[in-house]
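Have a look at the structure below before the remarks.
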Amino acid sequence: MKIRHLRNATALLTLGEHRLLIDPMLARPGSIPGFKFFGGGRRPNPLVPLPPDTFSWLEEVTGVLVTHPHPDHLDTAGIRWIREHGLPVWTSRLDAPGLGKRGLTVHSLEDGALGMGVERIPVRHGRGLLAWLLGRVSSYYLAHPDEPSVYITSDAVLTEDLLEAVERLQPDVIIAPAGSANFGVGGDILFSVDELVTLVRRAPGGVVLNHLEALDHCPTTREGLRERMKAEGLLEKVLIPADGEELHFARPERARGPAAPGPGATQERERASLASGM
């Protein structure tokens, strides 16, 4: 399995024969209004460009996975690119009708889709009224028979339901947002750093942290996150990729089917050369 982090929550996930583009936000810097509505610091998003070789990497894509249709996970540029390339979009049965109305070819991502074990776990994007306003978000557990299993939490805060899913499914790799996004009122709408510490402690394998340093309402930095994880003795379990970096994960040396996960994927890190596209 390979994960090439592009920017924010956008990534290329290689699982067997599939090259899935996750949550494409492909906009140019500054082309989306800021999300920090209160307390100062509002700036147009995204704050940074995509890596220089992004669109050559995207030529490999065989399908698109959308966890939820917020503009930092599926923007106008992303929709236009998907249409131009005629790619299938995989999403929840709840979000499929809305994405279909936007001219996309949509399929429900459920167990057996793409030839792998799939489970959708609803998660909470914030708490209280904000969570209600932000609407439903789907996290996904994917278990390809020949690859490590992966749990994409999408935009979530820590809940007992989410931790129960981690305990039950035992994903080899978790991909989680770490920006501690906050509109300036109503509390964090993504995992706080304290919640990330808990998630990493409870994770059976490695945790890839994304949603960092790309949006005006995400104050957590990569360096600050590394320092906290180091202080907690968790740095060896955490991967915090740079934009454009590719991570490699080997399948654990044990027999299991796509719906019978277990702990412990071994990991290799490859620092992608943004200039050469390697």
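Residue numbers (our numbering): 1124 to 1401. Backbone N, C-alpha and C fix where the C-beta goes; we use that ideal spot for every residue, glycine too.
Thinking C-beta only, is residue j closer than 9 Å to residue i?
i: Leu1144; j: Leu1210; result: yes
i: Asp1146; j: Val1184; result: no
i: Gly1307; j: Gly1251; result: no
i: Arg1345; j: Glu1359; result: no
i: Pro1271; j: Gly1328; result: yes
i: Met1148; j: Val1273; result: no
i: Leu1232; j: Arg1243; result: yes
Measuring only the C-alpha atoms, how far is residue i from residue j?
i: Gly1380; j: Ser1154; result: Confidence at Gly1380 is low in this model, with a pLDDT of 42, below 50, so its placement is unreliable and the value that follows should be read with caution. Going by the C-alpha atoms only, they are around 44 Å apart.
i: Gly1258; j: His1248; result: 7 Å
i: Trp1255; j: Val1246; result: 12 Å
i: Ala1219; j: Thr1137; result: 23 Å
i: Pro1175; j: Leu1129; result: 10 Å
i: Asp1366; j: Leu1173; result: 7 Å
i: Glu1182; j: Arg1203; result: 15 Å
i: Pro1342; j: His1196; result: 18 Å
For residue i, count neighbouring Cβ atoms within 10 angstroms of its own Cβ and tell me buried if that reaches 16, exposed if not.
i: Ala1354; result: exposed
i: Ala1180; result: The sequence given here has Trp at residue 1180, not Ala. With 16 or more other Cβ atoms within 10 Å, it is buried.
i: Arg1127; result: buried
i: Leu1285; result: buried
i: Gly1356; result: exposed
i: Val1361; result: buried
List the DSSP bridge partners of residue i.
i: Ile1126; result: Leu1136, Leu1370
i: Leu1143; result: Leu1136, Gly1186
i: Asn1168; result: Ile1155
i: Leu1362; result: Val1331
Problem - Minimum length 4: unbroken alpha helix (DSSP H) runs contained in the stretch 1175-1231 - result: 1177-1180, 1199-1208, 1219-1223
Exercise for the section: Would you list, in sequence order, the uninterrupted alpha helix (DSSP H) runs of no fewer than 4 residues that lie entirely inside the stretch 1229-1304? Expected result: 1251-1257, 1283-1292
Problem - Entirely enclosed beta strand (DSSP E) segments - the stretch 1305-1350, minimum 3 residues - result: 1329-1333
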